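Numbering (this note's numbering), first residue to last: 7 to 172.
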Amino acid sequence: MANLNIVLLEPEIPSNTGNIGRTCVATGTRLHLIEPLGFRLTEKNLRRAGMDYWKDLDVTTYINYEDFLEKNPGAKIYMATTKGPQVYTDVSYEPDCYIMFGKESAGIPEEILLENQERAVRIPMIGDIRSLNLANSVAIVLYEALRQNNFDHMRLDGHLTKYDWK
């Protein structure tokens with residue numbers, strides 16, 4: 007069974023984290039938040055973006071990156087960054103891997119990226135666009151990891167509410 011993990015390193019914008027939390031609930035993905043956070047977890051913007059799903063979220067917070075590494079020994083961590091040498095679709099995501107994203111204003115520090123070059127991935131973009139929205143980036147990479155794991159444990163069929171498909 008796929009037990010994917012999303013890691014946010016020092017997220018700054020509560021609505022992004024709320025949206026990511028909702029995506030994690032919808033996909034059965036764990037969320038890891040590495041402090042310092044740019045908001046309090048009780049902020050109404052965070053909960054509004056996550057809607058009423060926040061109570062169902064499997065979320066863990068850490069005091070810093072070292073605390074995260076210490077509490078998740080041997081974690082296979084992919085680093086999503088605009089500086090990545092390979093495209094996010096070019097790697098194979100293990101069912102228990104971690105996908106890390108940096109804070110909105112600066113991304114993942116280059117010192118961390120340098121130590122993880124073989125697992126640094128990027129989402130292709132044109133021109134001089136600095137980056138995509140964090141919540142969108144998480145959804146893009148997470149759904150590729152889920153696809154590679156055959157959308158394990160997810161509902162694959164949809165149903166109309168008033169009618170039946172022919």
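From the three backbone atoms N, C-alpha and C, an ideal C-beta is built for every residue, glycine too.
Every value quoted in this text rests on a predicted model; they were computed, and no experiment measured them.
Look at the beta carbons and you see the segment 140-156 touching the segment 19-35: at least three pairs across the two are nearer than 8 Å.
For Ala126, the uninterrupted beta strand (DSSP E) run begins and ends at Ala126 to Arg128, by DSSP. When C-beta atoms of the segment 129-142 are compared with those of the segment 61-73, fewer than three pairs fall below 8 Å, so the two segments do not count as touching.
Here Thr87 is near Ala126, since their CB atoms are less than 7 Å apart. Sequence-distant partners of Asn22 (beyond 5 residues in either direction) whose C-beta falls short of 8 Å from its own C-beta, in its chain, are Ala55, Glu110, Asn139, Leu140 and Ala141. Burial is judged here by how many other beta carbons sit within 10 angstroms of a residue's own beta carbon; Arg28 has at least 16 and is buried. In the DSSP secondary-structure assignment, Met85 is bridged to Met106 and Ala126. A residue is called buried once 16 or more other Cβ atoms fall within 10 Å of its Cβ, and Arg128 is buried on that count.
Note on geometry: alpha-carbon atoms of Gly133 and Gly90 lie some 16 Å from one another.
The secondary-structure analysis by DSSP pairs Leu39 across a beta bridge with Leu14 and Thr67. The beta carbon of Val147 sits closer than 6 Å to those of Ala86, Tyr94 and Ile105, all from its chain and outside the five residues before and after it, given in chain order. Minimum Cα-Cα distance from Tyr84 among the listed residues Tyr68, Thr66 and Ile114 corresponds to Ile114.
In this structure, Glu41 and Thr66 do not form a Cβ contact; the two beta carbons are roughly 11 Å apart against a cut-off of 8 Å. Residue state for Gly27 is assigned as helix, using DSSP reduced to three classes.
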